[in-house]
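See below for the structure under consideration.
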Ligand code: CTP
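Numbering (our numbering), first residue to last: 2 to 396.
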């Protein structure tokens, strides 16, 4: 997979910079063309000459003294890259990247490239756990950057902590993963719904559900990363908005129905991951309902529209079924009733899958009733598996 690939390796100024030599060596041995860019600080830890001898390529250390091969324009490397890797990435370089600072070659390439970017942070554990660093990482992740978690171990300070650059094989694995990132939804428009609706009772209270929106958000991010134009119709969540995704807020079932009806007009795919309330109040109290001692309160609930079952148009329809029993049988019934192309049956009986978990355990069932059970995996991985199935249907 690495053979013939252009890998831009950014080295920043941390003690782990020496390990980048091993990485450059292994990548070169695997047949990749490794273009090294070193920040000024990195050259204090390891010499450009070392990297040049390892990669047999010129090493760029300053934007204004480019090697002749790259002197055409400073974004040439950004365009040539199949993947850009920053290893090690210091807290400072991550902060600069998050802020879009491009006053050196590495910053420029990172800002200009359309290739996937892999970042391997390595620093003092306190700098890594610092809120600012964590916020920067979160921000960059939301923009589609791939991060490799630093490892726990002995740090340069002599103390144990989380901040070590992982070993070369681990970084190479992440690079290969990034190279394999498909842009197979380029030109497609996908509408995803996420989160749980809240049906108001009075100005203070509502009927809600436990959906966190994590599965829907993971789907929106995965579809975006694979090149789709994504509209995310979001009910109530406490998640950060993903970058480069159109977000429409739809707190109630009725608002979601309206938003979905509008968004699907231009869509190739609708994925309803939202937990839509099946009932709403017949009458929403205008004023706060007051308790009265000795009196029971009865709320009159009426059905909400079945958004997925009723929405008109030609697009691929994917639904979710959150079940606590008879997982596959219940999901299959929903698949037929709502005339879906796919249904994702979600086991909500365990704590590591379903509501609010970061992982999920699902069965994907197609129109013919073929059920594929997936093992426990992250919601992002589940999202990619679902999109793989959708892709087959688009073909
Ligand atoms: N859905 C919808 N509109 C609703 C309710 C659900 O579009 N009013 C969608 C959900 O987004 C999900 C699928 O339909 O994709 C779930 O089907 P549904 O039968 O409504 O699930 P539950 O509400 O869990 O049904 P039940 O109470 O029968 O288990």
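Ideal placement from N, C-alpha and C gives every residue a C-beta, glycine not left out.
The model shown is predicted, which means the values in this text are computed figures rather than measured ones.
Original post:
Per DSSP, what kind of secondary structure is residue 17 in: helix, strand or coil?
Top reply: Residue state, collapsed to three classes: helix.
Subject >> Exposed unless 16 or more other CB atoms sit within 10 angstroms - verdict on residue 30 >> reply: The residue is exposed, with fewer than 16 neighbouring Cβ atoms inside 10 Å.
**OP:** Would you identify the three-state DSSP class for residue 348, choosing helix, strand or coil?
**Re:** The DSSP-derived three-state label of residue 348 is strand.
Original post:
Name the DSSP bridge partner or partners of residue 153?
Top reply: In the DSSP output, where bridge partners are listed per residue, residue 153 has 163.
Original post:
Tell me which same chain residues have a C-beta within less than 6 Å of the C-beta of residue 85, skipping the five on either side of it?
Top reply: Contacts found: 9, 114, 116, 118.
**OP:** Starting from residue 316, follow the beta strand (DSSP E) in both directions and report where the run begins and ends.
**Re:** Counting along the chain, residue 316 falls outside any beta strand (DSSP E), and DSSP gives it neither H nor E.
Subject >> Residue(s) in a DSSP beta bridge with residue 1 >> reply: Limits of the chain in this structure are 2 at one end and 396 at the other, which puts residue 1 out of reach.
Original post:
Looking only at its own chain, which residues have a Cβ that is under 6 Å from the Cβ of residue 225, when we skip the five neighbours before and after it?
Top reply: Around residue 225, the same chain offers 231, 245, 246 as residues with beta carbons nearer than 6 Å, after the five sequence neighbours per side are excluded.
Original post:
Should residue 371 go down as buried or exposed, given a rule of 16 or more other Cβ atoms within 10 Å for buried?
Top reply: Residue 371 should be labelled exposed.
Original post:
At a cut-off of 7 Å, is residue 342 close to the ligand CTP when judged by its beta-carbon and the heavy atoms of the ligand?
Top reply: Incorrect: residue 342 has no Cβ contact closer than 7 Å to the ligand CTP.
Original post:
If you compare alpha carbons, which of 271, 27, 294, 291 is closest to residue 193?
Top reply: When only C-alpha atoms are compared, the closest one is 271.
Original post:
Three-state secondary structure (DSSP) at residue 243?
Top reply: Note: residue 243 maps to coil in three-state DSSP.
Original post:
So which residues put a beta carbon under 5 Å from any heavy atom of the ligand CTP, going in chain order?
Top reply: Residues flagged by the Cβ proximity filter: 273, 275, 277, 279, 305, 307, 308, 309, 320, 321, 335.
Original post:
In angstroms, rounded to a whole number, what distance separates the CA positions of residue 1 and residue 170?
Top reply: The requested residue 1 does not occur in the structure, where the chain is confined to residues 2 to 396.
Original post:
Counting Cβ pairs, one atom from each stretch, are 3 or more of them under 8 Å apart for the region 39 to 47 and the region 10 to 25?
Top reply: Between the region 39 to 47 and the region 10 to 25, the count of C-beta pairs closer than 8 Å reaches three or more; the two stretches touch.
Subject >> Contacts around residue 145, its chain only, beta-carbon distance under 6 Å, and the 5 residues preceding and following it disregarded >> reply: Here the set comprises 226.
Subject >> Sequence-distant residues of the same chain with beta carbon closer than 7 Å to residue 27, five excluded per side >> reply: Non-local C-beta neighbours of residue 27 in its own chain, meaning closer than 7 Å and more than five positions away in sequence, comprise 169, 173, ordered along the chain.
**OP:** Please name the residue, chosen from 105, 207, 373, 97, that lies closest to residue 61 on a Cα-to-Cα basis.
**Re:** Comparing Cα positions, the closest option is 105.
Original post:
Quick one: what's got a C-beta closer than 6 Å to residue 20's C-beta in the same chain, skipping five residues either side?
Top reply: These residues qualify, in order along the chain: 166.
**OP:** Run the CB neighbour count on residue 381, radius 10 Å, all protein chains shown included, and call it buried at 16 or more, exposed below.
**Re:** Per the 10 Å Cβ criterion, buried.
**OP:** May I ask you to report which of helix, strand or coil DSSP gives residue 57?
**Re:** In this structure, residue 57 counts as coil in the three-state DSSP scheme.
Original post:
If you draw a straight line from the alpha carbon of residue 109 to that of residue 332, how long is it in whole angstroms?
Top reply: Their backbone Cα atoms lie some 49 Å apart in a straight line.
**OP:** May I ask you to list the residues that DSSP assigns as paired with residue 293?
**Re:** For residue 293, DSSP records no beta bridge to any residue.
**OP:** Say yes only if the C-beta of residue 334 is nearer than 7 Å to one or more non-hydrogen atoms of the ligand MG, and no if none qualify.
**Re:** Here the bound small molecules are the ligand CTP; the ligand MG is not part of this structure.
Original post:
With distances taken between CB atoms, is the gap from residue 251 to residue 235 smaller than 8 Å?
Top reply: Yes.
Subject >> Start-to-end residues for the alpha helix (DSSP H) that takes in residue 262 >> reply: 254 to 264 is the extent of the alpha helix (DSSP H) around residue 262.
Original post:
So which of 207, 312, 294 has the shortest CA-CA distance to residue 282?
Top reply: Here the closest residue by C-alpha is 207.
Subject >> residue 129 versus residue 163 - alpha carbon distance >> reply: Residue 129 and residue 163: Cα-Cα distance of roughly 8 Å.
Original post:
Tell me which same chain residues have a C-beta within less than 6 Å of the C-beta of residue 137, skipping the five on either side of it?
Top reply: Excluding sequence positions up to five before and after residue 137, its CB lies within less than 6 Å of the CB of 95, 96, 99, all in the same chain and listed in chain order.
Original post:
Based on the DSSP secondary-structure assignment, which residues constitute the bridge partners of residue 178?
Top reply: According to DSSP, which records beta bridges pairwise, residue 178 is partnered with nothing at all.
Original post:
Is residue 250 helix, strand or coil when you go by DSSP?
Top reply: In this structure, residue 250 counts as strand in the three-state DSSP scheme.
Original post:
How many Å lie between residue 256 and residue 286 at the Cα?
Top reply: Cα-Cα distance, rounded: 18 Å.
Original post:
Whose C-alpha, out of 228, 139, 263, is nearest the C-alpha of residue 150?
Top reply: Closest option to residue 150, Cα to Cα, is 139.
Original post:
Residue range of the alpha helix (DSSP H) that residue 106 falls in?
Top reply: Per DSSP, residue 106 is one residue of the alpha helix (DSSP H) stretching across 106 to 113.
Subject >> Sub-8 Å separation of residue 22 and residue 55 beta-carbons >> reply: Going by C-beta atoms, residue 22 is nearer than 8 Å to residue 55.
Subject >> Residue from 313, 182, 175, 3 with nearest C-alpha to residue 269 >> reply: With respect to the C-alpha of residue 269, the residue from 313, 182, 175, 3 having the closest C-alpha is 313.
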